[in-house]
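Numbering (full-length UniProt numbering), first residue to last: 1 to 193.
The beta-carbon is built from N, C-alpha and C at its ideal position, and this holds for glycine as well.
Taking it in order: structure first as structure tokens, then the write-up.
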């Protein structure tokens with residue numbers, strides 16, 4: 001008495017290739033994995049750019065606080081009396097701004113533009129068209145004018161963030177794979193002594 005019948009498969013060399021399903025899973029994985037991994041990398045890259053933008057916003061607020069309270073101007077007066085040029089004072093301000101950046105952001109990618117005027121209208125618009133040289137670095141002439149007591153001061157931090165995979169939604173720094181991140185703070189400096 002036979003309770004179970006087990007069919008015996010015969011090895012047949014004439015099996016059609018189109019009905020062979022043994023490699024279907026790996027082919028499907030290859031078709032789906034590549035776009036998925038590219039999308040995942042783009043999401044991570046974009047998230048890091050937003051994190052860097054927030055860090056840049058925080059750094060410009062720290063720098064603006066020093067300008068509003070007069071600490072930066074007092075530091076420049078001391079520096080000028082020791083023979084520092086305007087370019088050296090601007091570089092020192094940029095380095096102090098770099099100290100407020102997190103460690104994953106390179107100081108060499110930070111550019112600072114500081115303007116002052118008696119009124120807010122004197123500062124002009126916040127729009128700043130950037131031009132780039134052959135190396136992908138800004139070729140603009142950035143200003144450094146902290147102003148005097150009671151003047152309106154606009155501090156702008158410009159950072160070139162490397163974007164390798166993710167699509168860029170902002171100003172593209174030439175064709176070097178960088179996106180321009182910009183943070184601006186406008187404030188009226190206090191009366192300080």
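- Taken in chain order, the whole alpha helix (DSSP H) runs of length 4 or more contained in the region 61-149 are 71-81 and 86-99.
- Across the structure, residue 116 and residue 150 are spaced so that their CA atoms are roughly 10 Å apart.
- Of all C-beta pairs linking the region 64-72 to the region 117-136, fewer than three are shorter than 8 Å, placing the two stretches out of contact.
- Counting along the chain, residue 159 sits inside the beta strand (DSSP E) bounded by residues 152-162.
- A check of alpha carbon separations from residue 161 across 138, 154, 124 and 22 identifies 138 as the nearest.
- About 4 Å separates the beta carbons of residue 100 and residue 59, which is inside the 8 Å limit, making them a contact pair.
- Burial state of residue 156 is buried, judged by a 10 Å Cβ sphere holding 16 or more other Cβ atoms.
- Nearest C-alpha to residue 87 among 32, 146 and 128: 146.
- Exposed is the label assigned to residue 31, since fewer than 16 other Cβ atoms lie within 10 Å of its Cβ.
- A straight line joining the alpha-carbon of residue 154 with that of residue 93 spans about 14 Å.
- Taking the CA atoms as reference points, residue 54 sits about 31 Å from residue 77.
- Burial state of residue 39 is exposed, judged by a 10 Å Cβ sphere holding fewer than 16 other Cβ atoms.
- For residue 132, the closest of 141, 125 and 186 by C-alpha to C-alpha distance is 141.
- Distance from the Cα of residue 96 is smallest, within the candidate group 23, 83 and 111, for 111.
- Distance between residue 129 and residue 36, taken at the CA atoms: about 36 Å.
- The continuous stretches of beta strand (DSSP E) do not include residue 191, and DSSP gives it neither H nor E.
- The shortest CA-to-CA distance from residue 177 to any of 49, 22, 34 and 26 is the one to 49.
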